[in-house]
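Residue 38 is where the sequence shown ends in my numbering, and the numbering goes up by one at each step. Idealized CB from N, CA, C, for every residue including glycine. Heads up: the structure comes next, in structure tokens.
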Amino acid sequence: LQLMGVASIYQTLITGVLVILAVTVDQISRKKAR
5 LQLMGVASIY QTLITGVLVI LAVTVDQISR KKAR
């Protein structure tokens, strides 16, 4: 098991989740701002 490979995969997954969360929060805040 390559730890570096797993770490990079997790980094990519976490980055993707954070981006999705940021976009979701932004969309929700924009809807509330109306």
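Is arginine 34 helix, strand or coil when you go by DSSP?
Reading the sequence shown from its first residue, position 30 is the one you call residue 34. In this structure, arginine 34 counts as helix in the three-state DSSP scheme.
Given this structure, state the Cα-to-Cα distance separating valine 2 from alanine 11, to the nearest angstrom.
Since the displayed the chain opens at 5 and closes at 38, residue 2 lies outside it and no answer follows.
Proximal residues to leucine 22 (C-beta, below 6 Å), its chain only, five neighbours per side dropped
Here the question's residue 22 lines up with position 18 in the sequence shown. Same-chain partners within the cutoff: there are none.
Spatial neighbours of isoleucine 24 within its chain, please: C-beta separation below 6 Å, excluding the five flanking residues on both sides.
Numbered from its first residue, the sequence shown carries residue 24 at position 20. Here the set comprises nothing.
To the nearest angstrom, how far is it from the Cα of threonine 19 to the Cα of lysine 36?
If you number the sequence shown from 1, residue 19 lands on position 15. If you number the sequence shown from 1, residue 36 lands on position 32. Looking at the two C-alpha atoms, the distance is approximately 26 Å.
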